[in-house]
Amino acid sequence: MTAGGAPALAPLPALPAVEIAAVDLLTVELPLVVPFTTSFGRQTSREIPLVRVRTPDGDGWGELVTPPAPVYSEEFTTGAALVLRDHLVPGLLAAGRTVTAEDVGHRLRSIYGHRMACAALETAILDAQLRAAGRSLADHLGAVRASVPAGVSVGIPDGGVPELAEQVARYLDDGYLRIKAKIEPGFDTEPLRRLRDAVGDDVALQVDANAAYDPDDPAHIAALDGLDELGLVLLEQPFAPDRLRDHARHAARWTTPVCLDESIHDHLRARDAIACGATSVVNIKLARVGGPLAAVSVRDACLAVGVPVWCGGMLESGVGRAANVALAALEGFDLPGDVSASDRYWREDLTEPFVLDDGHVAVPTGPGLGRTPHPEMLTDAAVSRLDH
Ligand code: OSB
Ligand code: MG
């Protein structure tokens, strides 16, 4: 045991490197089954770029989860595709075409940010290495469960509270174990009080503001104070990512735990945010922190000081979802994540779908991600080379 009482965490086993023959980006557009509205905008479909790493032993896949505009963080899809083509892939291959997933971090250490782009590349290389080794990502990362508890993130509906309550009732009926509602100034205390009344006190309910509140605006703070009476599991990212001290100042007054998402871009930021009282739960998205390996180090930093974590999502297709579900299977991920079934997002997923079984999603057991895009889902994909 470490000083913090958490178990000492073993380093990941080494895997043989792969020889990269080509790196491509395949982009498909998938309509969402329900529009997804957050404080930063409304999305009705996703442009999904997949990084494909070709090796003599087969392909590896990774999903680029960037939104179309730089509204969640600085990253956005056209920018990420450009940085992959002009900086990340050339920077990686300049030191040779025999690579490991760790090389993405090591060889590109002088490049700032662009973590979602790095994550797509690192995941694709790790997938190729694991497929060659016949090992699943979940096993490699040290999974401790065969299925993960599933929550669902519900956008701000066009039809207001009646539509929200109807959607939530359907998800609870499906078996989801907790509900996360998006909020923004003007859609917070009152709608959430009505939702709480509709679902009852026993439903695990949490909210996500996506940084839309101003910590110095009394009306904004009054609205967040009102939420504190609703018995929420947590309040996710009320203020802008850099405002750690403001999160800490208000978190100290609330009984509802504050959980940071956008603010936590690496394990050092996790450590600092926890130490200053800005967050007492952490949403870990492997794409936001630069890939599965960085996600494990964020998890380690949280577990070392007894802070619970859960796995967030970015409306992934089956490719990105497979990596998220493997991460959510690790020790410490005890709260239900935003790891919902494929049919919550897509009429037809790019891969074999993820399904909900008694509120849980099964962790893939096949080699690598355990999911591969169906070739017929990629027939209309726009394909470009990243390694010229
Ligand atoms: O803040 O967690 C977020 C989706 C896109 C961008 C940011 C967020 C989200 C979600 C959806 O909440 C989670 C999911 O994939 O179901
Ligand atoms: Mg969030």
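Letter by letter, the sequence shown follows residues 16 to 403 of my numbering. Note that beta-carbon positions come from the ideal geometry of N, C-alpha and C, so glycine has one too.
- Query: Is it true that the CB of residue 401 sits closer than 8 Å to the CB of residue 38?
  - Reply: Within the sequence shown, the letter at position 23 stands for residue 38. Within the sequence shown, the letter at position 386 stands for residue 401. It is a contact, given that the beta carbons lie within the stated cut-off.
Notebook entry, point to check: CB of residue 166 to nearest heavy atom of the ligand MG: below 7 Å?
Noted result: Position 151 of the sequence shown, counting from 1, holds the residue named residue 166. It does not: the Cβ of residue 166 is nowhere closer than 7 Å to a heavy atom of the ligand MG.
- Message: Using a Cβ distance threshold of 8 Å, determine whether the segment 295-307 contacts the segment 266-285, with at least three qualifying pairs required.
- Response: yes
Report yes if the C-beta distance between residue 384 and residue 313 is below 8 Å; otherwise report no. Sequence index remark: in the sequence shown, residue 384 carries index 369 (1-based). Sequence index remark: in the sequence shown, residue 313 carries index 298 (1-based). No, these two residues do not count as a Cβ contact at 8 Å.
Taking DSSP as the reference, what is the three-state secondary structure of residue 358?
-> Working through the sequence shown from its first residue, we reach residue 358 at position 343. Note: residue 358 maps to helix in three-state DSSP.
_Just to confirm my understanding: we take residue 83, look at its own chain, exclude 5 residues before and 5 after, and list those with CB closer than 7 Å. What are they?_
Position 68 of the sequence shown, counted from the start, is the residue given in the question as residue 83. Here the set comprises 62, 91, 92.
Please state whether the Cβ-Cβ distance between residue 52 and residue 171 is less than 8 Å. Translated into the one-based positions of the sequence shown, residue 52 becomes position 37. Translated into the one-based positions of the sequence shown, residue 171 becomes position 156. The answer is yes: Cβ separation under 8 Å.
ask   = From which residue to which residue does the alpha helix (DSSP H) around residue 178 run?
value = Locating residue 178 in the sequence shown gives position 163, counting from the first residue. Counting along the chain, the alpha helix (DSSP H) containing residue 178 begins and ends at 175-189.
Straight-line CA distance for residue 309 to residue 292?
Counting from one through the sequence shown, the residue named residue 309 turns up at place 294. Counting from one through the sequence shown, the residue named residue 292 turns up at place 277. Taking the straight line joining both Cα atoms gives about 22 Å.
### Query
When every heavy atom of the ligand OSB is checked, does at least one fall within less than 7 Å of the C-beta of residue 331?
As a position in the sequence shown, residue 331 is number 316, starting the count at 1. Checking every heavy atom of the ligand OSB against the Cβ of residue 331, one is found closer than 7 Å.
*Distance CB(residue 213)-CB(residue 193) smaller than 8 Å*: As a working mapping, residue 213 is identified with position 198 in the sequence shown. As a working mapping, residue 193 is identified with position 178 in the sequence shown. No; because the gap between Cβ atoms is not below 8 Å, this pair is not in contact.
Residue 274 by DSSP, collapsed to three states: which one?
Walking along the sequence shown from the start, residue 274 turns up at place 259. In the structure shown, residue 274 sits in a strand (DSSP, three-state: E or B).
Which class does residue 18 belong to by DSSP, given the choice of helix, strand or coil? In the sequence shown, counting from the first residue as 1, residue 18 sits at position 3. A caution first: residue 18 carries a pLDDT of 44, below 50, which makes its placement in the model unreliable, though a value can still be read off. Here residue 18 sits in coil by DSSP.
message: Just checking residue 339 against the ligand MG - is the residue's beta carbon closer than 7 Å to any of the ligand's heavy atoms?
response: Working through the sequence shown from its first residue, we reach residue 339 at position 324. No, Cβ of residue 339 sits at least 7 Å from all heavy atoms of the ligand MG.
- Where are the alpha helix (DSSP H) runs, 4 residues long or more, that stay fully inside the segment 79-142, in chain order? 92-98, 104-108, 116-122
Could you say if the segment 258-271 and the segment 70-89 meet the contact criterion of at least three C-beta pairs nearer than 8 Å?
no
Between the alpha carbons of residue 31 and residue 144, how many angstroms are there, rounded?
Sequence index remark: in the sequence shown, residue 31 carries index 16 (1-based). Sequence index remark: in the sequence shown, residue 144 carries index 129 (1-based). Rounded to the nearest angstrom, the two C-alpha atoms are 7 Å apart.
Q) Do residue 60 and residue 79 have their CB atoms nearer than 8 Å? A) For the purposes of this step, residue 60 is taken as the residue at position 45 of the sequence shown. For the purposes of this step, residue 79 is taken as the residue at position 64 of the sequence shown. No, these two residues do not count as a Cβ contact at 8 Å.
- Query: Any chance the CB of residue 223 is under 7 Å from a heavy atom of the ligand MG?
  - Reply: Within the sequence shown, residue 223 is the residue found at index 208, counting from 1. Residue 223: yes, Cβ under 7 Å from the ligand MG.
Notebook entry, point to check: So, is residue 388 buried or exposed, given that buried needs 16 or more other C-beta atoms within 10 angstroms?
Noted result: Numbered from 1 along the sequence shown, position 373 holds the residue referred to as residue 388. Classification for residue 388: buried.
Cutting at 7 Å between CB atoms, please list the residues of its own chain near residue 113, excluding the five before and the five after it.
For this step, residue 113 is matched to residue 98 along the sequence shown. The answer, listed in chain order, is 32, 34.
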